[in-house]
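Trainee:
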Amino acid sequence: MIKSLWIIYSVLIVFIGISYTSLSQPRNQQRLDRSSYFEYNETFFCEAHALPSLSKDSTIISILFRIMYDPLEFHQLPTSAMMQRGVYLATPFVMVELRDDIGIIRFRNQWKDSIFTKTFEQTNSKTDFIYGTIKVTLPIGAYSLSAVLSDRENSQLRRVQFPSIKSPTPDSGGISKPIFVEYVDTTSRVVIPMFASGNALFSQNNIHALITVAGVKDGDVYSYSYAPVVNSNSDVSSEWGNLPSVSGNTTPIRNTILVPTERNQKEFPGKQTYSLSTIPKESSLGSFGLLDITLPASTIAPGKYKIRVVKVGTKDTSVQPFDVIWENMPLSFRSMRYMIEALYYILNDDDFDAINSGSDSEKRRKVIEYWQKNYPSSESIYNHTMAEYYRRVDYAYFNFQVIGEQDGAKSERGKIYILYGAPTTIEKNTPSSGQTQEIWHYANKVKKDFVFELNTSSIYKLKDIVDLTAK
409 MIKSLWIIYS VLIVFIGISY TSLSQPRNQQ RLDRSSYFEY NETFFCEAHA LPSLSKDSTI
469 ISILFRIMYD PLEFHQLPTS AMMQRGVYLA TPFVMVELRD DIGIIRFRNQ WKDSIFTKTF
529 EQTNSKTDFI YGTIKVTLPI GAYSLSAVLS DRENSQLRRV QFPSIKSPTP DSGGISKPIF
589 VEYVDTTSRV VIPMFASGNA LFSQNNIHAL ITVAGVKDGD VYSYSYAPVV NSNSDVSSEW
649 GNLPSVSGNT TPIRNTILVP TERNQKEFPG KQTYSLSTIP KESSLGSFGL LDITLPASTI
709 APGKYKIRVV KVGTKDTSVQ PFDVIWENMP LSFRSMRYMI EALYYILNDD DFDAINSGSD
769 SEKRRKVIEY WQKNYPSSES IYNHTMAEYY RRVDYAYFNF QVIGEQDGAK SERGKIYILY
829 GAPTTIEKNT PSSGQTQEIW HYANKVKKDF VFELNTSSIY KLKDIVDLTA K
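So that you can map any letter, position 369 of the sequence shown is 777 in the working numbering, and since no number is skipped, the others follow by simple counting.
(1) Would you mind listing the beta strand (DSSP E) stretches within the stretch 543-574 that are 3+ residues and don't spill past its ends, in chain order?
(2) In the DSSP assignment, what are the bridge partners of residue 591?
(3) Just confirm the distance between the C-beta atoms of residue 816 and residue 805, as a whole number of angstroms; I'd bet it's less than 8 Å.
(4) Tell me the residue span of the alpha helix (DSSP H) that contains residue 632.
(5) Find the nearest neighbour of residue 850 within the set 861, 498, 465, 830, judged by alpha-carbon distance.
(6) In angstroms, rounded to a whole number, what distance separates the CA positions of residue 832 and residue 797?
(7) Please classify residue 766: is it buried, with 16 or more other beta-carbons within 10 angstroms of its beta-carbon, or exposed?
(8) Leaving out five residues before and five after residue 771 in sequence, what residues of the same chain have Cβ atoms less than 7 Å from its Cβ?
(9) Identify, in the order they occur along the chain, each residue of the same chain with its Cβ nearer than 6 Å to the Cβ of residue 874, setting aside the five sequence neighbours on each side.
(10) Please work out which residues of its chain come closer than 7 Å, Cβ to Cβ, to residue 509, disregarding the five sequence neighbours upstream and downstream, and give them in chain order.
(11) To the nearest angstrom, how far is the alpha carbon of residue 650 from that of residue 467?
(12) Please identify the residue among 624, 728, 786 whose C-alpha is closest to the C-alpha of residue 722.
(13) Figure out for me which residue from 502, 792, 789, 845 has the closest Cα to the Cα of residue 869.
(14) Using DSSP bridges, identify the partner residues of residue 615.
(15) Quick check on residue 411: does DSSP put it in helix, strand or coil?
(16) Can you tell me whether DSSP reads residue 734 as helix, strand or coil?
(17) Quick one: grab the DSSP three-state call for residue 530.
(18) Cα-Cα, which of 659, 790, 715, 561 is closest to residue 737?
(19) Taking C-alpha atoms, which residue in 507, 835, 480 lies nearest to residue 885?
(20) What does DSSP give as the partner residue(s) for residue 474 in the beta ladder?
(21) Could you tell me which whole beta strand (DSSP E) segments of length 3 or greater appear in the stretch 804-843?
(22) Could you please give me the residues that DSSP links to residue 871 through a beta bridge?
(23) Quick one, which of 541, 855, 694 has its alpha-carbon nearest residue 876's?
(24) Across which residues does DSSP place residue 460 in a beta bridge pair?
(25) Within 10 angstroms of its Cβ, does residue 773 collect 16 or more other Cβ (buried), or is it exposed?
(26) Taking contact to mean at least 3 C-beta pairs separated by less than 8 Å, is the stretch 551-568 in contact with the stretch 686-705?
(27) Rank 860, 630, 704 by C-alpha distance to the C-alpha of residue 883 and give the top, closest one.
(28) DSSP on residue 482, reduced to helix/strand/coil?
(29) Roughly how many angstroms lie between the CA atoms of residue 785 and residue 792, to the nearest whole one?
(30) Does the stretch 713-730 come into contact with the stretch 749-760, if we say contact requires no fewer than three beta-carbon pairs (one atom in each stretch) closer than 8 Å?
(31) Measuring CB to CB, does residue 528 end up less than 8 Å from residue 496?
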């Protein structure tokens, strides 16, 4: 059966050689990406951090959130109201409430904004977000947070709660929970939080965990370690190989705190950023410091982790759980059966059978090992080639399905899309034979035209392949 599906093992040489083509619709193709209508991500990310204030007796509570476009109700604007900003409008609201440790409300505020889109398709986007932030200065203490997302049509789309947000104090010797960030550049003192509900995002980049520490003196050293959380009911972490338990020592950046910068900076519209701010050593905040712990991309895979930080020579210890999230993980990679079926086009029968044996966890591990072995990503566990391949499978599944072929990834157009990516142009015509044709033209390194013809069952069949290098 597998042999009948046009096994092409060498095609990935071309697949790797061409530049990675995004899954946006090709030019001259009016088809909407149907895969964008399937929801599989978190729609409302929210996190809160207690940061040192310039006043010894107060703290800054910084609340960060991002909202996916898709769950919001968009309304088409009347023609007279349509502006250059867009045709559709949504108005999200986020109500936040902070209570102290005896339940008294200490702060309540509402954030709101307007989102304009120029197309209906974008109103259903799973990859477009609006970013927001609220910050407030409160007395030092412990607080609980409630945040409710709503819009004009829905009083509550999503609610999140944080039971305990503890303020750092200069002389406590405390170790705060980490903030996972990216640096703007290698020399910058400005960082961008990941906006992942206090978690880290899986990618080919290193992750930085910034941790505020108090009671810092000259010569202080902190040890740290992080490792996957072993679940006795699952061996999911082993699917990504033997992930190491990483440990080391680090010294704090003395007299340095994180300070929220103004929103809507030109370089980062809508995103809250933090700056690493130096404070005078002799000030009341002079005992604060900042740990910058790098989590190399070669040690991090999707899953649950714990990071442990200890001030050497003391009992000051912090253990914090966090997740590494593969945002926008392809749907075809989430399904064990489909993950393996999607390899039909690049494996021979023996290799396919070898991967398709064992428990579900073993199968997934073998799929990941296949990509790591044949198309290695030297500095990260995240494999760009694997991710791109399964993104193409998703696109093909949804966008090339017809009544006679419910699985677009197994159609002949889907097959070509998966192997070669989006064509440069698509031309439709009706030749003298009367059968509608689609001609996919690849002007990149593929250098081929693929001619599909619509048969009497309304299914596109590959009729011809034209080698453009022979012209």
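We put the CB at the ideal spot given by N, CA and C, even for glycine.
A quick note: this is a predicted structure, and the numbers were derived from the prediction, not measured.
Mentor: For this structure:
(1) 550-558, 566-574
(2) Along the sequence shown, read from residue 1 onward, the residue named residue 591 stands at position 183. Answer is 599, bridged to residue 591.
(3) Along the sequence shown, read from residue 1 onward, the residue named residue 816 stands at position 408. Along the sequence shown, read from residue 1 onward, the residue named residue 805 stands at position 397. With 8 Å as the limit, residue 816 and residue 805 qualify as a contact, their Cβ atoms being about 5 Å apart.
(4) For the purposes of this step, residue 632 is taken as the residue at position 224 of the sequence shown. Element bounds for residue 632: not the alpha helix (DSSP H) but the beta strand (DSSP E), 630-636.
(5) Here the question's residue 850 lines up with position 442 in the sequence shown. The shortest Cα separation from residue 850 among 861, 498, 465, 830 belongs to 830.
(6) The count along the sequence shown starts at 1 and reaches residue 832 at position 424. The count along the sequence shown starts at 1 and reaches residue 797 at position 389. Taking the straight line from one Cα to the other gives about 18 Å.
(7) In the sequence shown, counting from the first residue as 1, residue 766 sits at position 358. Residue 766 is exposed by the Cβ-count criterion.
(8) Taking the first residue of the sequence shown as position 1, residue 771 is located at position 363. The answer, listed in chain order, is 744, 748, 763, 764.
(9) If you number the sequence shown from 1, residue 874 lands on position 466. The residues are 857.
(10) The residue given as residue 509 occupies position 101 in the sequence shown. Cβ within range, chain order: 549, 550.
(11) Working through the sequence shown from its first residue, we reach residue 650 at position 242. Working through the sequence shown from its first residue, we reach residue 467 at position 59. Near 41 Å, if we compare the C-alpha coordinates of residue 467 and residue 650.
(12) Against the sequence shown, residue 722 aligns to sequence position 314. With distances taken between Cα atoms, residue 722 lies closest to 624.
(13) The residue given as residue 869 occupies position 461 in the sequence shown. It is 845.
(14) For this step, residue 615 is matched to residue 207 along the sequence shown. Answer is 703.
(15) Within the sequence shown, residue 411 is the residue found at index 3, counting from 1. Caution applies to residue 411, whose pLDDT of 33 falls short of 50 and renders its modelled position unreliable; the value that the coordinates give is listed next. In the structure shown, residue 411 sits in a helix (DSSP, three-state: H, G or I).
(16) Along the sequence shown, one-based indexing puts residue 734 at 326. If DSSP states are grouped into helix, strand and coil, residue 734 belongs with coil.
(17) In the sequence shown, the residue the question calls residue 530 occupies position 122. Helix at residue 530.
(18) Counted from its first residue, the sequence shown places residue 737 at position 329. Minimum Cα distance to residue 737 is reached at 790.
(19) Residue 885 cannot be examined here, being either before or after the span of the chain that is shown, 409 to 879.
(20) Here the question's residue 474 lines up with position 66 in the sequence shown. Paired residues: 453, 539.
(21) 833-837
(22) Against the sequence shown, residue 871 aligns to sequence position 463. Answer is none; residue 871 lacks a bridge partner.
(23) Within the sequence shown, residue 876 is the residue found at index 468, counting from 1. Taking only the C-alpha atoms, the option nearest residue 876 is 855.
(24) Looking up residue 460 in the sequence shown gives position 52. The partner list for residue 460 (beta bridge, DSSP) reads 467.
(25) Position 365 of the sequence shown, counted from the start, is the residue given in the question as residue 773. Burial call: buried.
(26) no
(27) One cannot answer for residue 883 here, as it falls past the ends of the chain, which runs 409 to 879.
(28) The residue labelled residue 482 in the question sits at position 74 within the sequence shown. The answer is coil: DSSP assigns residue 482 none of H, G, I, E or B.
(29) Walking along the sequence shown from the start, residue 785 turns up at place 377. Walking along the sequence shown from the start, residue 792 turns up at place 384. Looking at the two C-alpha atoms, the distance is approximately 7 Å.
(30) no
(31) Indexing the sequence shown from 1 puts residue 528 at position 120. Indexing the sequence shown from 1 puts residue 496 at position 88. Cβ atoms of residue 528 and residue 496: closer than 8 Å.
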